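Each residue of the sequence shown is one higher than the one before, counting from 361 in my numbering.
Where a beta carbon is used, it is the ideal one built from N, C-alpha and C, also for glycine.
Given the structure is predicted, the values throughout are model-derived calculations rather than measurements.
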Amino acid sequence: MLEQLGSEPDFLDNIIAGDKSWIFQYDPETKHQNLEWHTLNSTCPKKARMSNDKRGVVHKEFVPLEQIVNDIFYEEIIVDLYRVIKRKRLEIAFHWKLHHDNAPAHTAFIVTAI
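Written out as structure tokens, the structure reads:
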């Protein structure tokens, strides 16, 4: 990466970072609300896949409650992300680079072949 940064000054402008997080589908009124005990009937946090670039959130997708994030599911996320980048970040649509961790679903052949 450092070599590419040296030869391509705009290299970091083309990076999309993928991450996962547990978040509420609403804005908690206080930070303390995140720490409170919740009943079985109350809203619980959901797993979300977030994709960001230097300007902010490019794409977010909530993972269904019982969904296992495997290579097939992650491939769908990457395809959706590609469509969103073409719509929201046209200037990098054909030369963006995805940076994410090395979870098995991320490094599966079906995903890396996209």
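| Asked | Found |
| --- | --- |
| Taking 8 Å as the CB-CB cut-off, is Leu372 touching chain D? | Among the chains in the structure shown there is no chain D, since it carries only a single protein chain. |
| How big is the Cα-Cα spacing for Lys448 and Leu425? | 28 Å |
| What do you reckon, are the CB atoms on Gly378 and Leu450 nearer than 8 Å? | no |
| With burial defined as no fewer than 16 other Cβ atoms inside 10 Å of the residue's Cβ, what is the status of Asp461: buried or exposed? | exposed |
| Under a three-way DSSP split, which group does Lys414 fall into? | coil |
| Candidates Lys420, Lys406, Val417 and Asn374: which alpha carbon is nearest Ala453's? | Asn374 |
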